[in-house]
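Numbering (my numbering), first residue to last: 1 to 140. Here is the structure we will look at.
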């Protein structure tokens, strides 16, 4: 947990920058922002940006440095969205890169529902494992 709101804003800014540098859209990168009640709708928009799996696929493909096969690049149904998220999580489970706890890699349905907690837990672990200052980031 973050100690203060100042520390939280620095961390979120770093997370946003990292997501943007790895091909995630600006709207989706806002998912971690702490916002006032008046901005709740914008935050929901950021969470919704992760629901089809395309943002997660972009991030995983950037980290893995390969294009994932068997995904729906233009998902039209909920099943397509779920498949995209499952494929991204499967790639992370079998990755030779630094590991993410498997409990976060079996939350595809929560991701597709846009559950902010599930999204942030996975992104937080990916950032901790592959963000600035890590061995993975230095190898990039």
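Ideal placement from N, C-alpha and C gives every residue a C-beta, glycine not left out.
Contact defined as beta carbons within less than 8 Å: I believe residue 31 pairs with residue 93. What is the distance between those atoms, to the nearest angstrom? Mapped onto the chain shown, residue 31 falls at position 31. Mapped onto the chain shown, residue 93 falls at position 93. Wrong, their Cβ atoms sit about 22 Å apart, outside the cutoff.
I need the straight-line Cα distance from residue 18 to residue 79, nearest angstrom please. Position 18 of the chain shown, counted from the first residue, corresponds to residue 18. Position 79 of the chain shown, counted from the first residue, corresponds to residue 79. Approximately 29 Å, taken between the alpha carbons.
State yes or no: is the C-beta of residue 54 within less than 8 Å of the C-beta of residue 60? By 1-based counting over the chain shown, the position of residue 54 is 54. By 1-based counting over the chain shown, the position of residue 60 is 60. No, Cβ-Cβ distance for residue 54 and residue 60 is not below 8 Å.
When you compare only the Cα positions, how much space is there between residue 77 and residue 70? On the chain shown, residue 77 is found 77 positions in, with the first residue counted as 1. On the chain shown, residue 70 is found 70 positions in, with the first residue counted as 1. Distance between the alpha carbons of residue 77 and residue 70: 15 Å.
CA-CA distance, residue 110 and residue 86? Sequence index remark: in the chain shown, residue 110 carries index 110 (1-based). Sequence index remark: in the chain shown, residue 86 carries index 86 (1-based). Their Cα atoms are separated by approximately 11 Å.
Would you mind stating whether residue 48 and residue 24 have Cβ atoms separated by less than 8 Å? Translated into the one-based positions of the chain shown, residue 48 becomes position 48. Translated into the one-based positions of the chain shown, residue 24 becomes position 24. Not closer than 8 Å, so no.
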